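I have placed the structure first, in the form of structure tokens, so that the comments after it can refer back to it.
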Amino acid sequence: MKRKPSSKPNKTEFKYALIGEPVVDARVIKQLFAIMGNRDEGGDIIHPGAFAKTIAEHLPDIKVLWQHDSFAPPIGVPNVLKEITLTELPVEILAKYPTATGGLYSEVEYLETERGNEVYTGIIKKAIIRNSIGYRTVKADFGTDADGNPVRNLRELMLLDLSPVNWGMNSATLNLKAAFPFRDTGIDEDRAKAWTVPTLEDFTDQSWDDLSDEDIKRIAGHFASTKSTPPESFADLMFPHHAPSKDGEGKAIWSGVSAAMDALIKCDDLSDEDMAACHEHLAKHYEQFKQDAPLLKSVIVARHAFKTSILVADLQTIEDFKAGRMISAANMDRMQSAMDAIQEAMQTLRTLMKEADSGKTDPVVAAVSQAEMERLAMRLRLVGSAIRLPA
Numbered sequence: 003m004k005r006k007p008s009s010k011p012n013k014t015e016f017k018y019a020l021i022g023e024p025v026v027d028a029r030v031i032k033q034l035f036a037i038m039g040n041r042d043e044g045g046d047i048i049h050p051g052a053f054a055k056t057i058a059e060h061l062p063d064i065k066v067l068w069q070h071d072s073f074a075p076p077i078g079v080p081n082v083l084k085e086i087t088l089t090e091l092p093v094e095i096l097a098k099y100p101t102a103t104g105g106l107y108s109e110v111e112y113l114e115t116e117r118g119n120e121v122y123t124g125i126i127k128k129a130i131i132r133n134s135i136g137y138r139t140v141k142a143d144f145g146t147d148a149d150g151n152p153v154r155n156l157r158e159l160m161l162l163d164l165s166p167v168n169w170g171m172n173s174a175t176l177n178l179k180a181a182f183p184f185r186d187t188g189i190d191e192d193r194a195k196a197w198t199v200p201t202l203e204d205f206t207d208q209s210w211d212d213l214s215d216e217d218i219k220r221i222a223g224h225f226a227s228t229k230s231t232p233p234e235s236f237a238d239l240m241f242p243h244h245a246p247s248k249d250g251e252g253k254a255i256w257s258g259v260s261a262a263m264d265a266l267i268k269c270d271d272l273s274d275e276d277m278a279a280c281h282e283h284l285a286k287h288y289e290q291f292k293q294d295a296p297l298l299k300s301v302i303v304a305r306h307a308f309k310t311s312i313l314v315a316d317l318q319t320i321e322d323f324k325a326g327r328m329i330s331a332a333n334m335d336r337m338q339s340a341m342d343a344i345q346e347a348m349q350t351l352r353t354l355m356k357e358a359d360s361g362k363t364d365p366v367v368a369a370v371s372q373a374e375m376e377r378l379a380m381r382l383r384l385v386g387s388a389i390r391l392p393a
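Note that the sequence shown ends on residue 393 in our numbering; no numbers are left out.
Listed below in structure tokens is the structure:
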């Protein structure tokens, strides 16, 4: 199993495990959701006390979800959530995790909803046998275990959710579209050096499938993010900005960092949270080069403007309508959908512009976005008028 690169602090992470026999009491299921003290396949060790603060201060905000689906209503309530010690761990857990020192124990009351009933029944019938936690790393440090293996020590975690899952894949931490941690490998002082997007051959003579975990981690260090964790192919790696190297990690190149930030603005499949994590990574490189990175809000504004311009390009030109061309019902529906999408994008831009007025957005980007909105508004009125003309 390939080892994933270490996760970026404050990124949402997911850790899966096959955890013991559930104890059922009416609609309450008593189970462990995490094991402490053992080094998992991701090289992480959760230490006792890691959950103490989040439970004490944020218990009402910790949700029980099905497979981390934060867009769906919760499926249960964690009536009890606490850390337990080594002596409280079940025998079967100690047999599976001999170095375990404790665990995260929960008593979840499953709701009498369609999904709540499905998951509850699945656990009772042993169709669902794995649990997972969603969390953000607050405090962590790096070291080695008794065997000399590198580890990330998780000292404090912000727990977001408890989730029964179908497949845990492994017991390692899993990031979805995860940003890699910033690493200072030095900078190339030649700011004028041209940038070329690297290929796998720039890093190794081997095929991706033949690479070791450490080689994958080394190559990933030249990028800011990945589409999957661990990356399943070289194509999963996103936003390169270090000089490619077949031995170690190359220095950051200014033109590469700038190109990566531009690519981030145009990336359409990142959540705002993932975008923020990638932006933070690249912004640290800007600091290395003594350059001012664009503010995060500016990047988000520019991203929405870019997405909106794509929507506009998808419409037929006004000249087509002036020429009196017939519009089919299918095209009419498509164009109406495009118009609706533009209106939604414009509303988002307006909201961001209001924040820009308070000084939260770069003035130049704000002005560009304002001009873009005015152009879109005019285009929208013209297209709307044309659609309403008799065919």
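All C-beta atoms in this analysis are idealised placements derived from N, C-alpha and C, irrespective of residue type, glycine included.
Keep in mind it's a predicted model, so treat the numbers as computed, not measured.
Worksheet item: Is there contact here, the stretch 104-113 with the stretch 30-38, by at least three beta-carbon pairs under 8 Å?
Response: Counting Cβ pairs under 8 Å, three or more are found: they touch.
### Straight-line Cα distance separating N81 from A28
One alpha carbon belongs to A28, the other to N81, and they sit about 13 Å apart.
So, with DSSP's three-state summary, where would you put H49?
Three-state result, H49: coil.
May I ask you to report which of helix, strand or coil DSSP gives E43? The answer is coil: DSSP assigns E43 none of H, G, I, E or B.
Practice task
Apply the 10 Å Cβ neighbour rule to P100 and answer buried if 16 or more other Cβ atoms are within range, or exposed otherwise.
Solution key: Counting C-beta atoms within 10 angstroms of its own C-beta, P100 has fewer than 16 neighbours from the protein chains shown and is therefore classed as exposed.
Evaluate the contact criterion for the stretch 135-148 versus the stretch 112-127: three or more CB pairs, one atom per stretch, below 8 Å. Contact between the stretch 135-148 and the stretch 112-127 is absent, with fewer than three C-beta pairs closer than 8 Å.
Margin query: Spatial neighbours of L61 within its chain, please: C-beta separation below 7 Å, excluding the five flanking residues on both sides.
Written below: Only L83 meet the Cβ criterion.
message: Using the Cβ count rule (16 or more neighbours within 10 Å means buried), how would you classify D207?
response: D207 should be labelled exposed.
**Prompt:** Closest by CA to G78, which one among G45, L96, T115?
**Reply:** It is T115.
- Task: Report all residues from its chain with a CB closer than 7 Å to the CB of L298; omit the five preceding and five following residues, and keep chain order.
- Result: Answer for L298: A278, H281, listed in chain order.
For L88, which option in K128, M38, V25 has the closest C-alpha, if you only look at C-alpha atoms?
When only C-alpha atoms are compared, the closest one is M38.
> From the DSSP output, which residues share a beta bridge with N155?
Replying inline: Answer is I47, D143.
**Asked** Going by the CB atoms, is the gap between L156 and I48 shorter than 8 Å?
**Response** Taking 8 Å as the cut-off, the Cβ atoms of I48 and L156 count as close.
> With burial defined as no fewer than 16 other Cβ atoms inside 10 Å of the residue's Cβ, what is the status of L96: buried or exposed?
Replying inline: Classification for L96: exposed.
- Query: Per DSSP, which one or two residues make a beta bridge with A36?
  - Reply: Bridge partners of A36: L106.
Quick check on DSSP: helix, strand or coil for A254?
Here A254 carries a strand assignment [DSSP, helix/strand/coil].
Exercise for the section: Kindly indicate the opening and closing residues of the alpha helix (DSSP H) around G78. Expected result: Taken as a continuous stretch (DSSP letters only), G78 belongs to no alpha helix (DSSP H), being part of the beta strand (DSSP E) at 78-87.
| field | Secondary structure of K2, DSSP reduced to three states | value | Examination of residue 2 is not possible in this model, given that the chain is present from 3 through 393 alone.
### Message
Please report the straight-line C-alpha distance between S72 and E15, rounded to a whole angstrom.
### Response
Roughly 13 Å between the two C-alpha positions.
Considering only C-alpha positions, which residue in the set E43, H287, D186 is nearest to S257?
Of the candidates E43, H287, D186, the one whose C-alpha sits nearest the C-alpha of S257 is H287.
Do the stretch 180-197 and the stretch 148-166 meet, that is, are 3 or more Cβ pairs less than 8 Å apart? As far as the Cβ criterion goes, the stretch 180-197 does not touch the stretch 148-166, which means the pair count is below three.
Boundaries of the beta strand (DSSP E) in which V93 is found, first to last residue
Counting along the chain, V93 falls outside any beta strand (DSSP E), though it belongs to the alpha helix (DSSP H) covering 93-98.
Margin query: Between which residues of its own chain and T56 is the CB-CB distance below 6 Å, once the five residues before and five after are set aside?
Written below: Apart from the 5 residues on each side of it in sequence, T56 sits with its Cβ closer than 6 Å to the Cβ of M160, L161 in its chain, given in chain order.
* Tell me, please, which residues DSSP counts as bridged to E111. => For E111, DSSP records a beta bridge to V30, V79.
Please work out which residues of its chain come closer than 8 Å, Cβ to Cβ, to E321, disregarding the five sequence neighbours upstream and downstream, and give them in chain order.
For E321, the pLDDT reaches just 46, beneath the cut-off of 50, and the residue's location in the model is therefore unreliable, leaving the point undetermined.
Ignore the nearest five residues each way along the sequence and tell me which others in I189's own chain have a CB closer than 7 Å to its CB. Closer than 7 Å at the Cβ level, and outside the excluded window around I189, lie K253, A254, Q290, F291.
Checklist entry - Within 10 angstroms of its Cβ, does E203 collect 16 or more other Cβ (buried), or is it exposed? => result So E203 ends up on the exposed side.
Assuming R220 contacts D147 (C-beta within less than 8 Å), just tell me the rounded distance between them. Cβ atoms of R220 and D147 stay farther apart than 8 Å, at about 21 Å.
| message | Let's test the definition: count the other Cβ atoms within 10 Å of the Cβ of N133 and tell me whether it reaches 16, buried, or not, exposed. | response | By the neighbour-count rule (16 or more Cβ atoms within 10 Å), N133 is buried.
- Task: Would you mind listing the beta strand (DSSP E) stretches within the stretch 207-289 that are 3+ residues and don't spill past its ends, in chain order?
- Result: Fully enclosed beta strand (DSSP E) runs of 3 or longer: not present.
Query - For K248 and D238, believed in contact at Cβ under 8 Å, the rounded distance - result: Contact between D238 and K248 is ruled out by a C-beta separation of about 20 Å, above the 8 Å threshold.
By DSSP, does K55 sit in helix, in strand, or in coil?
Secondary structure at K55: helix, using DSSP grouped into helix, strand and coil.
Distance, Cα to Cα, I64 vs G104?
In a straight line, the C-alpha of I64 is about 20 Å away from that of G104.
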